[in-house]
Structures are given as structure tokens and as C-alpha cells.
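Colleague:
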Amino acid sequence: MGRLHGWLRLALRLSGWAKEQRTLKSGDEFKHETQNRSAVNMRLQTESYTAEKNTAQQQKQTITSTGVEKHMAQSTHQNISYSSGMTKKSSSMMSSSQFQMLNGQNLKMLEEERKNASLQPVTFEDLEKLSATSSQAEVEKVKVKYTQQLISEIQRLKDGMKPEKKMLSLKNMNEMLRKAWAVPTHGHDLGSSLSNALRTSGGLELLLQGTTEPDMQFSSALLLEQCLTTENRDYVVAHGLETVVTSACYCTKNSLDVDHWRVGTGILEHLFKHSEGTCSDVIRLGGLDSVLFECRKNDIETLRHCAGALANLSLYGGSENHEAMIKRKVPVWLFPLAFHTDDHIKYYACLAIAALVANKEIEAAVLKSGTLDLVEPFITSHNPSEFANSNLAHAHGESKHWLERLVPVLSSKREEARNLAAFHFCMEAGIKKRQGNTGLFRDIGAIEPLKKVASCPNAIASKFAAQALRLMGEEIPHKLSQQVPLWSIEDVKEWVKQIGFQEYAINFNESRVDGDLLLQLTEDNLSEDIGIKNGIRRKRFTRELQNLKKMADYSSRDVTNLNDLLLHIGPEYAIYTYSMLNAGVDRETLRGLSDEQLMSECGIMNSIHRMRMLETFKVQRSFLEDSQEENLDKSLDVFISYRRSNGSQLASLLKVHLQLRGFKVFIDVERLEAGKFDNNLLQSIRQAKHFLLVLTPEALDRCIADDECKDWIHREIVAALESSCNIVPITDNFQWPDAEILPEDMRPVCYFNGVRWIHDYQDACVDKIERFLRGERRGDGTPGTPSLSHKQQPASQISESRTGDERLAEASSKSTWWENKSGTTPLAVRRGVPGVGPLKIGVFGNTFNSKQSKQKKGLSRPLDQLTQVANEEVKKSLPAPSGFMNAVFTAWHASEQQDLTTTCN
Numbered sequence: 010m011g012r013l014h015g016w017l018r019l020a021l022r023l024s025g026w027a028k029e030q031r032t033l034k035s036g037d038e039f040k041h042e043t044q045n046r047s048a049v050n051m052r053l054q055t056e057s058y059t060a061e062k063n064t065a066q067q068q069k070q071t072i073t074s075t076g077v078e079k080h081m082a083q084s085t086h087q088n089i090s091y092s093s094g095m096t097k098k099s100s101s102m103m104s105s106s107q108f109q110m111l112n113g114q115n116l117k118m119l120e121e122e123r124k125n126a127s128l129q130p131v132t133f134e135d136l137e138k139l140s141a142t143s144s145q146a147e148v149e150k151v152k153v154k155y156t157q158q159l160i161s162e163i164q165r166l167k168d169g170m171k172p173e174k175k176m177l178s179l180k181n182m183n184e185m186l187r188k189a190w191a192v193p194t195h196g197h198d199l200g201s202s203l204s205n206a207l208r209t210s211g212g213l214e215l216l217l218q219g220t221t222e223p224d225m226q227f228s229s230a231l232l233l234e235q236c237l238t239t240e241n242r243d244y245v246v247a248h249g250l251e252t253v254v255t256s257a258c259y260c261t262k263n264s265l266d267v268d269h270w271r272v273g274t275g276i277l278e279h280l281f282k283h284s285e286g287t288c289s290d291v292i293r294l295g296g297l298d299s300v301l302f303e304c305r306k307n308d309i310e311t312l313r314h315c316a317g318a319l320a321n322l323s324l325y326g327g328s329e330n331h332e333a334m335i336k337r338k339v340p341v342w343l344f345p346l347a348f349h350t351d352d353h354i355k356y357y358a359c360l361a362i363a364a365l366v367a368n369k370e371i372e373a374a375v376l377k378s379g380t381l382d383l384v385e386p387f388i389t390s391h392n393p394s395e396f397a398n399s400n401l402a403h404a405h406g407e408s409k410h411w412l413e414r415l416v417p418v419l420s421s422k423r424e425e426a427r428n429l430a431a432f433h434f435c436m437e438a439g440i441k442k443r444q445g446n447t448g449l450f451r452d453i454g455a456i457e458p459l460k461k462v463a464s465c466p467n468a469i470a471s472k473f474a475a476q477a478l479r480l481m482g483e484e485i486p487h488k489l490s491q492q493v494p495l496w497s498i499e500d501v502k503e504w505v506k507q508i509g510f511q512e513y514a515i516n517f518n519e520s521r522v523d524g525d526l527l528l529q530l531t532e533d534n535l536s537e538d539i540g541i542k543n544g545i546r547r548k549r550f551t552r553e554l555q556n557l558k559k560m561a562d563y564s565s566r567d568v569t570n571l572n573d574l575l576l577h578i579g580p581e582y583a584i585y586t587y588s589m590l591n592a593g594v595d596r597e598t599l600r601g602l603s604d605e606q607l608m609s610e611c612g613i614m615n616s617i618h619r620m621r622m623l624e625t626f627k628v629q630r631s632f633l634e635d636s637q638e639e640n641l642d643k644s645l646d647v648f649i650s651y652r653r654s655n656g657s658q659l660a661s662l663l664k665v666h667l668q669l670r671g672f673k674v675f676i677d678v679e680r681l682e683a684g685k686f687d688n689n690l691l692q693s694i695r696q697a698k699h700f701l702l703v704l705t706p707e708a709l710d711r712c713i714a715d716d717e718c719k720d721w722i723h724r725e726i727v728a729a730l731e732s733s734c735n736i737v738p739i740t741d742n743f744q745w746p747d748a749e750i751l752p753e754d755m756r757p758v759c760y761f762n763g764v765r766w767i768h769d770y771q772d773a774c775v776d777k778i779e780r781f782l783r784g785e786r787r788g789d790g791t792p793g794t795p796s797l798s799h800k801q802q803p804a805s806q807i808s809e810s811r812t813g814d815e816r817l818a819e820a821s822s823k824s825t826w827w828e829n830k831s832g833t834t835p836l837a838v839r840r841g842v843p844g845v846g847p848l849k850i851g852v853f854g855n856t857f858n859s860k861q862s863k864q865k866k867g868l869s870r871p872l873d874q875l876t877q878v879a880n881e882e883v884k885k886s887l888p889a890p891s892g893f894m895n896a897v898f899t900a901w902h903a904s905e906q907q908d909l910t911t912t913c914n
């Protein structure tokens, strides 16, 4: 055995394996080449002979713009040697059959197969498997694979295919991009890479060329909306902005398909994120008008795009475009978005209004809209990191250019704007930290503004700014409390430095000025004791001090919430809070204050301010003394009451429509806890001429058995009834409960005429509401307001003056005058004769109901009864009873012919 081991040797060796790839591109031509090479060596040796065999194999695949070529070669070399001599035999064979077949007839078959490959939907399993914990190597592998696949899809489109094949190819690319963007953490990188590949391979150019086929147009727009990255927006603006904007506007205005609304508004959202000049062009081409029109829709995804578009325009638009937004009442239209129940819609609407209010030129118009009041409730009820992960749209964060435009908002004088900007940077800091890109914030100059906000006495903004700096790894500055009266000497010194008066900081320190003394400083103190001799500089310091007084928290001294009352008069009145507290004033002593006391004891030198304060105190005193007495002027046009769970969108939409028509509208934006019914809210109801009661499904269910009047809607209705408001119910898919099961103090609301809301015909519905409020037509009826006069118009004139949409909504609402689900009383009688108010007639029993009317059974008898009773009642109140009968017959005829009835009780 040992001898055998000595003279017999067998060796097997794998000589090597290698893989090479390379890609070349020149213009529209490209070439991708892959080579695999392997070699095996085998050797057998004895004392009498030697045998050796070498085998090598090479595979090569080349993909070019014109086709696919495959080469496969294999060679074998064999040597055998004997001890008595050498016999050499070698064989070498080059296999070329596969190469020849691929470049012959079979190459054409492969080409057809490549063109037809898109007939089958593509799966994206490896994209779906990627997660936040996937390695960079895994991500790169998937990126390369789908980049090649995207290029292949584009090449198929260039080659020319049947429309159905093109549609499927576009669908595959859209799905690929959608899933790429959806990958956690790595989605931004993957989506951007594929979007750039779409542009560099000529795909974006194909999308902009357009087609006459509607379905193809929509599929192209769908893909375009997915790929509008920064570079692709540049390309679109340079090569086809007008075409894209026109198509987007067409999608929103000329389609009833919700998918078209989403794509159109999505494209406009991206285009408003380019430059000031592009924003101007998009507005000129009708983009802003289309977005505002879509704000009245109720599709969540569409409204998200609308909110994002307005936020982008607010940041990128500049002063000139801000003026265009004010002319189109954008701050007003932002209200229903910021009031929406969807957090994404709400947030970007708040972001838009915060960016607009930072522009001092339009601040007054923004404040007038009331939308800014919705910012603080949102940010105080949300966590930045949780909100960042709540929706894919902002899960990857915003771009460097977008964030750079948000930086100036951190320095806004408006507290709401600073709060929201700090919130967003806190959210972005967490996202960029996960992406390893926190250096971006230093590049855009956000660090120093964040440090200033973090050290300011604004409790909300400073908290978020400090969190953002911590996530960025930056030093957190000295924090100032919002309770200014409790500041230390060191706190005052730090604040003086922050507002730009560093050279006087030592003077404040030497004078031992703390928070209490700071709030009492006079101009003489600043000039003589602190040494600010320059009058202009003193005015600057005084302005900063007044801003500090407005945002200060006085709760350590203000036990009766005097500051809240002054803020209710106006934000500028908060500067008097501390001086009034030091003078011993509280809410209990307000009623006895005189003009002289306000001036001499409280130091309020502005006579206009003293007059307004005394008027407010007088109203407050009267309200507390006798809440039942009619002692308030009806200075408010409309108060809107709604159920927050499902009525906020309609309520906010009504607010916008009525404000645009010149009404002064109040809507409560923050519901207080049960049992804490705010006197200011009750006062607003008493001051309102009209009370709009928004009734959505189950809106009155909580009122049933609410004998203690704890429910908000219940209390508001009672307050409106006691204040003799003109009550107008607005019903949206609402079923009236039986009046008998409601508390007695609110039952009269069941007998008022109302308007049925039809979302697709909202202009016609608002027209009718406006007529009810203005009392322009007796034929339509003004619910619950017998004291208002109405202009009588012939029925023919009324019919001719209305549009088709208006007549449809009119017929729908009129049908509620007579049809009654429970069959107790016809609604024409239960809910009032138009122009007269509720008629309390209860003689019909169960003789007239909707089931009978639809079956046309026993119809003549109820109508005869209705005619008789109506004539008797109307003779007492109306000079022309025929108007009422015409209305009843019109309602009955519309119900029978068009079946546009609303079943109410």
C-alpha cells in the first residue's frame, strides 16, 4: 500500500472562476456585457505513464439596444505520456452552435419574446421583502435589478407595441415605482434611482409626448406623478410644463373618476415644489384654481394632495404668488383642510398657513381667515416621531431645498408659525438620523435658528427645537421658561442677549433685574438705569418686551385667568396683564373699574384700549348678572353647530362658503370637556343672528335622555332657542328621531324647515342656505323666523331663475316638507309653513306616510285634509295661501317623478 502511494498520484485542481460585468452607454445606444469563465485541471500519474486533462469553459452574454447575443465556448486538452515513449493526443473543440442560433432565426424569436414579456404582470417580491434592517448590499442588488428591468420596459415602449401591451408596460413601471417608494428607510434611495433611470433612458420624454388614447393618457399621468423627483421636475419644466399642467387640470375638472382627481392634484403638488417662477406659471395655467376647486371634494387622497400642493406653494411661491393666493382666498379654503379629521390633510394645511403668516405683507389677511387658530391644537396633540411614521408621504422626509425654504419660518414673529416649523424640523431630524444624513441641517443653515428657538420662552417651539438639536447631535442652549415672572437674573441676561442687546446684558446684571422687574420696566428705566440712550433702540427693546409679555405665562399670579379675558379682546391686550395683576385687578373686580383707574393704577395710556376693555367688562358683567336677558347685540351673522365625530368637514366647508359670500361666521374649533361649557361660546350663540345646525348621521343620538343637558349639541340648541336665533338645520344623510324621545327643551328644533345637503351640488345648496339667511324669498321659507320679511315671487319666475343643479337641490330639499317616515304628521306642517315658521298641528295621526305615498294608496284623502287644515292656518298668517299649496304640490310631484325624497322624522 505504501508503494502504491509512492508511485500513484492523483491531482484535481480547480484552476479558477471569474465573472465580469460592464455597461457602456452613448446617447440612446447602450451595451451591457456579462462574462463567466471557469477552468478545471485533472492529472493522473504512475511510474509507467502520465495523463493530464484540462477543461475550460467560457460564457458571454451581451445586451445591446438592438438585441441579445450569447456566446458559449468550451475547450478540452488531453495529454497522455508512456514511459517507453510519448503519444500525444489532443482535442480542441469550439462550440459555436448556440452563438449561431441566437444570431440567426432564433434571435428574432428572442426579440419577439422580449417585446411580449410585458404582456404578463411583473411581480416585485424582492422589493417587498426589503425592510429597514436590510443591508446596503441587498438594497444595491435590488436597485440594479429593477433599474435594468425599468430600462427594458422603456425599450419595449420605444420599439412600438399594441396599446394594450403599452398599458401593461406602463402599469408595471408604475407599480415598480410605487413599491420602491414604499420600502422602509431605503425607499427614498430606491425611488429616486428608478425615477432618474426613467429620465436618463428616455422614458420621461415618452411620457411627455402624449397620446390621443384617454386610457393611455391617464396611465402616463399616473407614472409621471410617481416619478417627479427634483431632477425630473427640472426636465418637465424645461420640456413640457404647459402640457403637464393642462393635463393635470383636465384630470381634476373634467372627470368624475376619483383616480383622475388624485393623479391631477398629485402632479400639481409636485410642480409647486420647483421654483418661484414655475409656481407663477402653474398659477397662470390654472393649477391653483384646480387645486382650490378640489378642496371641496371629500376624497381623502385628493385632499391630501391639495393640502400638500398649497403647502409647497406657500414655501416656494414668494411674495408675488402669495398675493395671488390671497386674491383667491387660499387662507379661507385652508380652513376645512386644517379642520379635517385626517392628520395628513390637517398637518400640511397648517404648514401652509404657517408659511403664509410668516410673510408680514399678508399677515392680516391670513389672521382674518381663522385658520391659524388650528395650528396649536394639532401640534400639542401629536408626537413628531410617531407622526413621521404615520404616512408614507412624509416617512422619507423632505428634500434639502424644501427644508431650506422652511428655515425662515423659524424666525417668524408669529408664535404659531415658529411652533409648526420647530415641530417639522424635529420630525425631519429623526428621519435624517435614520438615513445617516443629519449633516444636511448644517448645510441649509438651520442649526443657529433652531438654537434660538430652543432657548426662547415659547414653551412649545423650544421643546421641539431642543429635541431636534438633540437628534442632530448639537449642543442645546440655555432654556428660558415661559413663566417670565419667575425668571432669575441669569434668565433675564440670557434673554437680553437673544434679542440682540448683548452690550446691555451686563447693565441688566448689575441692576439685578429679574423677571418681575423686567415686566415692570418703563421707558425712563431703560434710558436712565439701563443706559439705552438712543430712542430708536429703546423702541426696539420695548417692542421685544411687549412680544414677551404677549407670550408669557402668568399662571403663577393669575388665579382668575384675567389674561385669558384680555386675550379674548385681542392679543395686544395681554401686555396689560401684569400691570393689572400688580394693581390687584382680577375678574371679580372688573365690573367696578373706571377709565381713570385703568389709566392711573394700571398704567394703560392708550384711550382706545381703555374704551374697548370697559365695553368688554360691561358685556361680561351683564352676561353674568342675567344670562336669560336679551342684552347682547346680534353682531355675529352665523354660528355653526356640529357633531365633531362626523360633522366637522361639512361644518368647515359651510364656514368657507358663507365667508366667501360675506357672512361673519363663528365655528368652535376646540370642543371643551363635558361639564365645562364655555361662557364665551354661549355668548357667541347669543350674539348670532343665525344658527346653522349641521346634522350628520346619529348627530342627535347623544341628546336622547340627556335630561341634565350635558351634551354639547343639546346645550347649543337650547342656547339658540332661548336667544331667538334663526335656526336652519342642514341634514346630511340624517334621520330625524321622534320628537317625543328628545328632551323637552330642545324638541322645537324638530319643527324647523331645513336644507338637505347634496355634496355634488353644494353650490346650489349654499345658494338656498343664503336665501334662508338673507330672507330673500318667501316661497323658499326661512326656517323659524316669522319676523323676517320675504319677497314674494311668482312660481314661474322662481323656476326660470334657477339653474339645473339648483332646481335639483331645491326639489330634494322641498321633498322633505311632506314625507314623514314615522307617519305622525306631514313635514310640511310639522316643520313649518315657508315664511311663517312652525305650524303646531297634530290632527293627522297615521293617515299620511311615505309608504302610502310611494304606493299611491289613500293619497287623495291626506291631500284633502292637508288642503283644508293648511287653508285654515294660512288664512291667519299669509295673504296668499296659494303659495303654500303650490309648494306642497311641487314637493309631491318632484317626489313622485324624480324620487328625490329625504326621509326624516
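Each residue of the sequence shown is one higher than the one before, starting from 10 at the first, in this note's numbering. A virtual CB, placed ideally from N, CA and C, is assigned to each residue, including glycine.
I need the boundaries of the alpha helix (DSSP H) containing I498, first residue and last residue.
Modeller: As a first step, residue 498 must be located in the sequence shown, where it is residue number 489. Start and end: 498-507.
Colleague: L139: which of M755, A189, R695 sits nearest, CA to CA?
Modeller: Within the sequence shown, numbered from 1, the residue matching residue 139 stands at position 130. The shortest Cα separation from L139 among M755, A189, R695 belongs to A189.
Colleague: Compare the beta carbon distance of L312 and W342 with 9 Å and say whether it is the shorter of the two.
Modeller: Along the sequence shown, one-based indexing puts residue 312 at 303. Along the sequence shown, one-based indexing puts residue 342 at 333. Going by C-beta atoms, L312 is not nearer than 9 Å to W342.
Colleague: Indicate the three-state DSSP secondary structure (helix, strand or coil) for K282 in the structure shown.
Modeller: Translated into positions along the sequence shown, residue 282 becomes position 273. DSSP places K282 in coil when its eight states are reduced to three.
Colleague: Residues in the same chain with beta-carbon distance under 8 Å from H331, minus the five sequence neighbours each way, listed in chain order, please.
Modeller: Counted from its first residue, the sequence shown places residue 331 at position 322. Only S323, L365, N368, E370, I371 meet the Cβ criterion.
Colleague: Once you ignore the five residues that flank M110 on each side, which residues in its own chain have a CB closer than 7 Å to its CB?
Modeller: As a working note, residue 110 is residue 101 in the sequence shown. Confidence in M110 is poor, its pLDDT being 34 and thus under 50, which makes the residue's placement unreliable; the coordinate value appears in the next sentence. Here the set comprises nothing.
Colleague: Go to V703, then tell me how far its beta strand (DSSP E) extends in each direction, as first and last residue.
Modeller: Within the sequence shown, numbered from 1, the residue matching residue 703 stands at position 694. Looking at the DSSP string, the run of the beta strand (DSSP E) that includes V703 is 697-704.
Colleague: For S588 and D525, what's the separation of their Cα atoms in angstroms?
Modeller: To locate residue 588, count along the sequence shown from 1; it is residue 579. To locate residue 525, count along the sequence shown from 1; it is residue 516. For S588 and D525, the distance between alpha carbons rounds to 11 Å.
Colleague: Buried or exposed: which applies to S144, given that a residue is buried once 16 or more other Cβ atoms fall within 10 Å of its Cβ?
Modeller: The sequence position of residue 144 within the sequence shown is 135, counting from 1. The residue in question, S144, is exposed, as its Cβ has fewer than 16 Cβ neighbours within 10 Å.
Colleague: Go to F348, then tell me how far its beta strand (DSSP E) extends in each direction, as first and last residue.
Modeller: The residue labelled residue 348 in the question sits at position 339 within the sequence shown. Careful: F348 lies outside any beta strand (DSSP E) and carries neither H nor E.
Colleague: Express the C-alpha separation of G509 and R451 in angstroms, rounding to a whole number.
Modeller: One-based indexing of the sequence shown puts residue 451 at position 442. One-based indexing of the sequence shown puts residue 509 at position 500. In a straight line, the C-alpha of R451 is about 22 Å away from that of G509.
Colleague: Could you check if H577 is buried or exposed, using at least 16 other CB atoms within 10 Å of its CB as the buried criterion?
Modeller: On the sequence shown, position 568 is the one that residue 577 refers to. Exposed, since its Cβ has fewer than 16 Cβ neighbours within 10 Å.
Colleague: According to DSSP, what are the bridge partners of N735?
Modeller: Walking along the sequence shown from the start, residue 735 turns up at place 726. Per DSSP, H699.
Colleague: Could you pull the DSSP bridge partners for F648 from this structure?
Modeller: Sequence index remark: in the sequence shown, residue 648 carries index 639 (1-based). Answer by DSSP bridge pairing, in chain order: F675, F700.
Colleague: Three-state secondary structure (DSSP) at T740?
Modeller: Looking up residue 740 in the sequence shown gives position 731. T740: strand per DSSP, three-state reduction.
Colleague: Counting pairs of beta carbons, one from the stretch 735-742 and one from the stretch 698-705, are three or more of them closer than 8 Å?
Modeller: They touch, by the three-pair rule.
Colleague: Mind checking Q218: buried by the 16 CB within 10 Å criterion, or exposed?
Modeller: Numbered from its first residue, the sequence shown carries residue 218 at position 209. Exposed, by the Cβ-count rule.
Colleague: Give every residue of the same chain whose Cβ lies closer than 8 Å to the Cβ of E137, excluding the five residues on either side of it in the sequence, and list them in chain order.
Modeller: What you label residue 137 is simply residue 128 of the sequence shown in a count that begins at 1. So the qualifying residues of the chain are K188.
Colleague: Is the stretch 396-408 close to the stretch 467-476, with three or more CB pairs under 8 Å?
Modeller: Output reads no: the stretch 467-476 does not touch the stretch 396-408.
Colleague: Just verifying my parser: in three-state terms, what is the DSSP assignment at R208?
Modeller: Sequence index remark: in the sequence shown, residue 208 carries index 199 (1-based). Helix, per DSSP.
Colleague: In whole angstroms, give me the CA-to-CA distance for D533 and N518.
Modeller: By 1-based counting over the sequence shown, the position of residue 533 is 524. By 1-based counting over the sequence shown, the position of residue 518 is 509. Each residue's alpha carbon lies about 18 Å from the other.
Colleague: Please say whether E581 and K548 have beta carbons closer to each other than 9 Å?
Modeller: For the purposes of this step, residue 548 is taken as the residue at position 539 of the sequence shown. For the purposes of this step, residue 581 is taken as the residue at position 572 of the sequence shown. In this structure, E581 does not lie closer than 9 Å to K548 by Cβ.
Colleague: Might you give, ordered along the chain, the residues of its own chain that have their beta carbon closer than 7 Å to the beta carbon of P340, omitting 5 neighbours on each side?
Modeller: Mapped onto the sequence shown, residue 340 falls at position 331. If we look at P340 and ignore the five residues flanking it on each side, its Cβ neighbours are I362, L365, A374, V375, S378, T380.
Colleague: Tell me the DSSP bridge mates of R765?
Modeller: Here residue 765 corresponds to residue number 756 of the sequence shown, with the count starting at 1. Note: R765 sits in a beta bridge opposite T740.
Colleague: Please report the distance separating the alpha-carbon of V416 from that of S394.
Modeller: Numbered from its first residue, the sequence shown carries residue 416 at position 407. Numbered from its first residue, the sequence shown carries residue 394 at position 385. Between V416 and S394, the C-alpha separation is close to 20 Å.
Colleague: Should S421 go down as buried or exposed, given a rule of 16 or more other Cβ atoms within 10 Å for buried?
Modeller: One-based indexing of the sequence shown puts residue 421 at position 412. The residue in question, S421, is buried, as its Cβ has 16 or more Cβ neighbours within 10 Å.
Colleague: Check the C-beta distance from L527 over to V568 and give it rounded, since I have them as a contact under 8 Å.
Modeller: In the sequence shown, counting from the first residue as 1, residue 527 sits at position 518. In the sequence shown, counting from the first residue as 1, residue 568 sits at position 559. With 8 Å as the limit, L527 and V568 do not qualify as a contact, their Cβ atoms being about 22 Å apart.
Colleague: H283 and Y325 - do their beta-carbons sit closer together than 9 Å?
Modeller: As a first step, residue 325 must be located in the sequence shown, where it is residue number 316. As a first step, residue 283 must be located in the sequence shown, where it is residue number 274. In contact: Y325 and H283 (Cβ atoms closer than 9 Å).
Colleague: Over what stretch of residues does the alpha helix (DSSP H) that includes S661 continue unbroken?
Modeller: Counting from 1 along the sequence shown, the entry for residue 661 is found at position 652. That run of the alpha helix (DSSP H) goes 653-669.
Colleague: Run through the stretch 167-241 for me and flag every whole alpha helix (DSSP H) of 4 or more residues, listed as ranges in chain order.
Modeller: Here the runs fully enclosed are 172-190, 196-209, 212-218, 223-235.
Colleague: Helix, strand or coil for S140, going by three-state DSSP, please let me know.
Modeller: Within the sequence shown, the letter at position 131 stands for residue 140. S140: coil per DSSP, three-state reduction.
Colleague: Assuming V267 and G296 form a contact by the criterion Cβ under 8 Å, report the distance between their Cβ atoms to the nearest whole angstrom.
Modeller: On the sequence shown, position 258 is the one that residue 267 refers to. On the sequence shown, position 287 is the one that residue 296 refers to. Incorrect: roughly 19 Å between the Cβ atoms, too far for contact.
Colleague: Where does E707 sit, in a helix, a strand or coil, going by DSSP?
Modeller: Numbered from its first residue, the sequence shown carries residue 707 at position 698. DSSP places E707 in coil when its eight states are reduced to three.
Colleague: Just the Cα atoms here: how many angstroms apart are V501 and T551?
Modeller: Walking along the sequence shown from the start, residue 501 turns up at place 492. Walking along the sequence shown from the start, residue 551 turns up at place 542. Each residue's Cα considered, the two are about 14 Å apart.
Colleague: Give every residue of the same chain whose Cβ lies closer than 6 Å to the Cβ of I276, excluding the five residues on either side of it in the sequence, and list them in chain order.
Modeller: For the purposes of this step, residue 276 is taken as residue 267 along the sequence shown, with counting starting at 1. Same-chain partners within the cutoff: E234, A257.
Colleague: Let me check understanding here. Comparing Cα to Cα, which of I541, L623, M608 lies closest to E512?
Modeller: Sequence index remark: in the sequence shown, residue 512 carries index 503 (1-based). Ranking the options by Cα distance to E512, first place goes to I541.
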